[in-house]
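The structure under discussion appears below in the form of structure tokens.
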Amino acid sequence: MIRENPSKYWRFIAQPFRRQFTKKVLIIGSASNGKTTLAKDLARFYDAPVSLEYAREYQIKNNVRDDELTPKDYYYLLLGQYAQTSNLIDSNANRGLVIADTNSLVTKGYYDYYLKDSREQDDETDTFDNLFASILIKEKWDLILFVQPVGHYVNDGFRDMTMSDEKIRQDFSAYLEELRERYLANIPVFHLASDYIGNYQAAKDAIDKIYNAD
């Protein structure tokens, strides 16, 4: 009964067991394609907590741009994003659905893109890859919404504007798809390539297939 519709009986599920009944939706994609707006709007519609991009908070706090992040910064981004999402899942705000703007897979994509030259430094590469693997295995996603790079690239003061080049955006998105197929191929995925309204409706349709709001 509870397993068939956990949100309906959410108040009867003891706090320590709510994590395993939570539906976790991950939104991924390249920068400046409407992911954050989509995550916020979906969270508002479903009255669900949303884990936004920890990297942006980190960059503002430390005054560092995308292309200035060091390997050590990426370690903090991996740990910070996971902790933030994990804490939301365990919080009282969770009523059976949690939406995340990004995860360790996307962080790895940016690490590989920006630090491809330094990846030859075996110690740093091994440290990052081991940390990535340990976090990824703990992330349990029920659905992936992959937003395609079809929108206008916006300069927010921290983004690397070389990413505004259409070919680079497409190539990076293709690399994220490669990583997804390599590490998360068993998770249902919906590719969103319409305008914002189309993506929003398609995302709701996808979520409704795995989550029954009470």
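With the sequence shown counted from 1, adding 1016 to any position gets you this note's numbering. Backbone N, C-alpha and C define an ideal beta-carbon position, used for all residues, glycine too. Please read these numbers as outputs of a predicted model, since none were measured by experiment.
Below 8 Å, enough C-beta pairs join the region 1114-1123 and the region 1044-1053 to call them touching: three or more.
Each of L1161, F1144, I1213 was checked against the Cα of S1189, and the nearest Cα belongs to L1161. The C-beta distance from P1065 to A1071 rounds to 19 Å, too long to meet the 8 Å contact threshold.
For K1039, the three-state secondary structure derived from DSSP is strand.
DSSP places I1160 within a strand segment (E or B) once states are collapsed to three. Counting along the chain, I1115 sits inside the beta strand (DSSP E) bounded by residues 1113-1116. Annotated as distal: I1115 and V1163, with beta-carbon spacing of 7 Å or more. In the structure shown, S1102 falls within a helical segment according to DSSP collapsed to helix, strand and coil.
One Cα belongs to R1019, the other to F1144, and the distance between them is close to 37 Å. Around the C-beta of A1219, 16 or more other C-beta atoms lie within 10 Å, and the residue is accordingly described as buried. For D1181, the closest C-alpha among the options L1195, Y1191, P1165, R1196 is that of P1165.
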